[in-house]
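Note sheet for the following structure.
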Amino acid sequence: MLNNILKIAGANAAGQAITIIVAPILTRLYAPDSFGAQAAFITYTSLFSAFATLSLNQAYVIEKWAYRVHGLVIATYVSIISVTLLLFILLLALPASFIVDVVGVNKTVALLLPLSVLFNSIALVQVGLALRDRGFALISLHYLTSSISISAFRLAGGMLLATTTTMIATYILGVIASIIPFLGRRLRPPSLISRICIIPRAVWGYRDFVFLRTPQTFINMFSVGFPILFINSNYGSDDAGFYSLAMSMLGVPAALFSQAVSSVIMASMTDFERMGHSLHPIITRYSSVIAALAFPPFLLIGIFSPMVFSIAFGPEWIDAGLFAQAIGASAYFMFINKPAVVALTVRRRQGILLSYEVLSVFIKLLLCIFSELYDLTAFQFVLALSLTSSFLYVFLIAFSMLDAKRSPN
Numbered sequence: 194m195l196n197n198i199l200k201i202a203g204a205n206a207a208g209q210a211i212t213i214i215v216a217p218i219l220t221r222l223y224a225p226d227s228f229g230a231q232a233a234f235i236t237y238t239s240l241f242s243a244f245a246t247l248s249l250n251q252a253y254v255i256e257k258w259a260y261r262v263h264g265l266v267i268a269t270y271v272s273i274i275s276v277t278l279l280l281f282i283l284l285l286a287l288p289a290s291f292i293v294d295v296v297g298v299n300k301t302v303a304l305l306l307p308l309s310v311l312f313n314s315i316a317l318v319q320v321g322l323a324l325r326d327r328g329f330a331l332i333s334l335h336y337l338t339s340s341i342s343i344s345a346f347r348l349a350g351g352m353l354l355a356t357t358t359t360m361i362a363t364y365i366l367g368v369i370a371s372i373i374p375f376l377g378r379r380l381r382p383p384s385l386i387s388r389i390c391i392i393p394r395a396v397w398g399y400r401d402f403v404f405l406r407t408p409q410t411f412i413n414m415f416s417v418g419f420p421i422l423f424i425n426s427n428y429g430s431d432d433a434g435f436y437s438l439a440m441s442m443l444g445v446p447a448a449l450f451s452q453a454v455s456s457v458i459m460a461s462m463t464d465f466e467r468m469g470h471s472l473h474p475i476i477t478r479y480s481s482v483i484a485a486l487a488f489p490p491f492l493l494i495g496i497f498s499p500m501v502f503s504i505a506f507g508p509e510w511i512d513a514g515l516f517a518q519a520i521g522a523s524a525y526f527m528f529i530n531k532p533a534v535v536a537l538t539v540r541r542r543q544g545i546l547l548s549y550e551v552l553s554v555f556i557k558l559l560l561c562i563f564s565e566l567y568d569l570t571a572f573q574f575v576l577a578l579s580l581t582s583s584f585l586y587v588f589l590i591a592f593s594m595l596d597a598k599r600s601p602n
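Residue numbers for the sequence shown follow this note's numbering, beginning at 194 and rising by one.
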């Protein structure tokens, strides 16, 4: 299992190495507000993709029978196309001024959002299918292609015309390129009639994913993404850009490694669950290993990030280093909590995860109100948010361990 984690994480690390190498050039091509607008656009892409897939892509690896998986795939694509079309119609109908206030870009650029949601959702479906087949090498190639493509397109586009539109367009091109590794897959599905007939029963069997996991995923992504929206509206686009760069240099690598861990551990935990074994030892073992491996680099980040950001990206980006220092704690515990989240998913504890995300968002919204009342600076707000998130991650880890130990399925 550890080899598979390292395989996927290695591909992510290679892609992120390129991203980090290119970043000092990008910060000298694009303005901070371009980074902030792109971060908001990616947040909206993730939010609508969660609804578009109905979280059924996460059920592929759990379902035992292949013919039911094909039914789930068809249902997922029907949902993706429907959500994409509805989103496009909605954006066409909304006033341009409203879109600028909410999305942060003009209406023409916002109309790229359905395209982004479409291809991002397709990528999620393909990752789910590859995960079911234990295609870890293919998933690794997907992540590597995504990182390299987005970095290359941003660099080339920035040299021609360094605007917010360019950053968003190059992101979409990178998502499209990340799907290419899956084009060689050869599926042998049952007949069309058989697949259509099995759709209702297959989806109903995973209705907890549709009605509980989807809101939980949406709320989780909103919880992660809303700080950029709050900072942009309350502290300005420059601070939003600084926060965005800090997240791209620290938060995104952490998320990508966590994604690799989740992909591999889910496959293993599913096998253990089917055999009737307790998941508690796996949660404990891998949470401990990840915590030990991640501690030294995060300690260095906490000490040296302001200096490193100032040297690497230019003196005007030192605030991004301060933000990286602030979010280090939450990024560290986000690493550690992935085995716990996967265990709850495999054990079909979708209601618990949804309740946790609702509680998390509620507490963070209270923090936003507190920030407004006591006039916190952008750094103070990000630091308070990081400490709050860290506490919530630790709470979820402890709960998942207790659940796996005392309550076998």
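For glycine and all other residues, C-beta sits at the position ideal for the given N, C-alpha and C.
DSSP three-state call for residue i: helix, strand or coil?
i: I432; result: First, the residue type needs correcting, since residue 432 is Asp and not Ile in the sequence shown. Correct three-state label for D432: helix.
i: V254; result: coil
i: L472; result: coil
i: L249; result: helix
i: R540; result: coil
i: A232; result: helix
i: Y586; result: helix
i: Y549; result: helix
i: Y399; result: coil
i: Y223; result: coil
Just the C-alpha distance for residue i and residue j, rounded to the nearest angstrom, thanks.
i: L576; j: G469; result: 42 Å
i: I365; j: D326; result: 27 Å
i: A243; j: V310; result: 9 Å
i: I556; j: S583; result: 12 Å
i: V262; j: F572; result: 46 Å
i: F411; j: G418; result: 10 Å
i: A224; j: A505; result: 16 Å
i: S564; j: S579; result: 14 Å
i: P489; j: I520; result: 16 Å
i: T236; j: F415; result: 8 Å
i: A230; j: S339; result: 20 Å
i: W258; j: M459; result: 17 Å
i: T363; j: D596; result: 43 Å
i: Y270; j: V320; result: 14 Å
i: A517; j: G495; result: 8 Å
i: N313; j: A485; result: 33 Å
i: L219; j: A289; result: 29 Å
Is the beta carbon of residue j closer than 7 Å to that of residue i?
i: A536; j: L589; result: no
i: A433; j: N425; result: yes
i: P374; j: L308; result: no
i: Q543; j: R394; result: no
i: I341; j: I211; result: yes
i: L222; j: G351; result: yes
i: S503; j: I511; result: yes
i: V396; j: L324; result: no
i: A233; j: G328; result: no
i: S481; j: P532; result: no
i: I392; j: Y260; result: no
Which residues bound the alpha helix (DSSP H) around residue i?
i: M360; result: 357–372
i: T570; result: Careful: T570 lies outside any alpha helix (DSSP H) and carries neither H nor E.
i: M442; result: Segment: none, M442 is in no alpha helix (DSSP H) and carries neither H nor E.
i: G350; result: 329–353
i: S286; result: Checking the sequence, you will find Ala at residue 286 rather than Ser. Element bounds for A286: 259–286.
i: D294; result: 289–296
i: R325; result: 306–325
i: G377; result: Where G377 is concerned, there is no enclosing alpha helix (DSSP H), given that its DSSP letter is neither H nor E.
i: N413; result: 407–427
i: A303; result: 300–303
Length at least 4, wholly inside the segment 456–520: the alpha helix (DSSP H) runs in chain order:
Taking only runs of at least 4 residues, the alpha helix (DSSP H) segments lying wholly in the segment 456–520 are 473–506.
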